[in-house]
Amino acid sequence: RRWHMRAWCDLRKEFRDFALGRVLSYTMLDQAAPKLRRQDVDWNKFVNLKVVAHPEFGEEHQRLLRREYFAGKASLNLRVRKALASYVVQDLRLATDLKRDRPPQFQLYLENSESLGDLFSVGSVPS
Numbered sequence: 006r007r008w009h010m011r012a013w014c015d016l017r018k019e020f021r022d023f024a025l026g027r028v029l030s031y032t033m034l035d036q037a038a039p040k041l042r043r044q045d046v047d048w049n050k051f052v053n054l055k056v057v058a059h060p061e062f063g064e065e066h067q068r069l070l071r072r073e074y075f076a077g078k079a080s081l082n083l084r085v086r087k088a089l090a091s092y093v094v095q096d097l098r099l100a101t102d103l104k105r106d107r108p109p110q111f112q113l114y115l116e117n118s119e120s121l122g123d124l125f126s127v128g129s130v131p132s
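Start counting the sequence shown at 6; every next residue gets the next number (the numbering used here).
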């Protein structure tokens, strides 16, 4: 795990995540940032992540996972900032593509990944 900060990137002209360990130097600017936090759409927008047991497991194993992760409920619904969603998916090791992300490496599945657009397409999860 690495610490990150979210800030306006003047080079790319968008809000981005920066790994603190990769920041080697900085320069204080005389003027204010051209964009304010309230203009960061991905930070201010929330998405819902619906987490379920990976469907490739049998019913007994799914029941075990539901007890372990969801207090016996069928799923876990997480409301997270869009800018942080990919980090949550990575941290929980959620499968987002059933053909690619298979057990036993993936125990849980992001059931609504397709409704979240390209947020979880191949290559979109940060490393």
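Just so you know, even glycine gets a beta-carbon here, dropped at the ideal spot from N, CA and C.
Beta-carbon separation (whole angstroms), Val57 vs Tyr114, contact threshold 8 Å = Here the question's residue 57 lines up with position 52 in the sequence shown. Here the question's residue 114 lines up with position 109 in the sequence shown. Indeed, because the Cβ distance is near 5 Å, the residues count as touching under 8 Å.
Classify Arg107 as helix, strand or coil using the three-state DSSP reduction.
-> As a working note, residue 107 is residue 102 in the sequence shown. Coil.
Would you report the Cα separation of Pro39 and Ser120, rounded to the nearest angstrom?
-> As a position in the sequence shown, residue 39 is number 34, starting the count at 1. As a position in the sequence shown, residue 120 is number 115, starting the count at 1. Computed Cα separation, rounded: 32 Å.
Leaving aside the five residues before and after Glu61 along the sequence, list all residues of the same chain whose C-beta is less than 8 Å from its C-beta, in chain order.
-> Working through the sequence shown from its first residue, we reach residue 61 at position 56. Cβ within range, chain order: Leu103, Arg107, Pro108.
Could you tell me how far apart the beta carbons of His59 and Gln112 are, in whole angstroms, since I believe they sit closer than 8 Å?
-> Counted from its first residue, the sequence shown places residue 59 at position 54. Counted from its first residue, the sequence shown places residue 112 at position 107. About 6 Å separates the beta carbons of His59 and Gln112, which is inside the 8 Å limit, making them a contact pair.
Which class does Phe62 belong to by DSSP, given the choice of helix, strand or coil?
-> On the sequence shown, residue 62 is found 57 positions in, with the first residue counted as 1. Coil, per DSSP.
Can the beta-carbon of Phe75 be found closer than 8 Å to that of Asp47?
-> Looking up residue 75 in the sequence shown gives position 70. Looking up residue 47 in the sequence shown gives position 42. No, the pair does not count as a contact, with Cβ atoms beyond the cut-off.
Buried or exposed (CB count within 10 angstroms, at least 16 for buried), Ser129 = Translated into the one-based positions of the sequence shown, residue 129 becomes position 124. For Ser129, the pLDDT reaches just 45, beneath the cut-off of 50, and the residue's location in the model is therefore unreliable, although a value from the coordinates is still provided. Exposed, since its Cβ has fewer than 16 Cβ neighbours within 10 Å.
Express the C-alpha separation of Tyr31 and Gln110 in angstroms, rounding to a whole number.
-> Residue mapping note: residue 110 aligns to position 105 of the sequence shown, counting from 1. Residue mapping note: residue 31 aligns to position 26 of the sequence shown, counting from 1. The straight-line gap from Cα to Cα measures roughly 39 Å.
For Asp15, does the three-state DSSP call read helix, strand or coil?
-> Here residue 15 refers to the residue found at position 10 when the sequence shown is read from its first residue. Coil, per DSSP.
Using DSSP bridges, identify the partner residues of Asn82.
-> Along the sequence shown, read from residue 1 onward, the residue named residue 82 stands at position 77. Beta bridge pairing from DSSP links Asn82 with Lys55.
Could you spell out the range, first to last residue, of the alpha helix (DSSP H) harbouring Tyr2?
-> Residue coverage of the chain in this structure runs from 6 to 132, which leaves residue 2 outside it and unanswerable.
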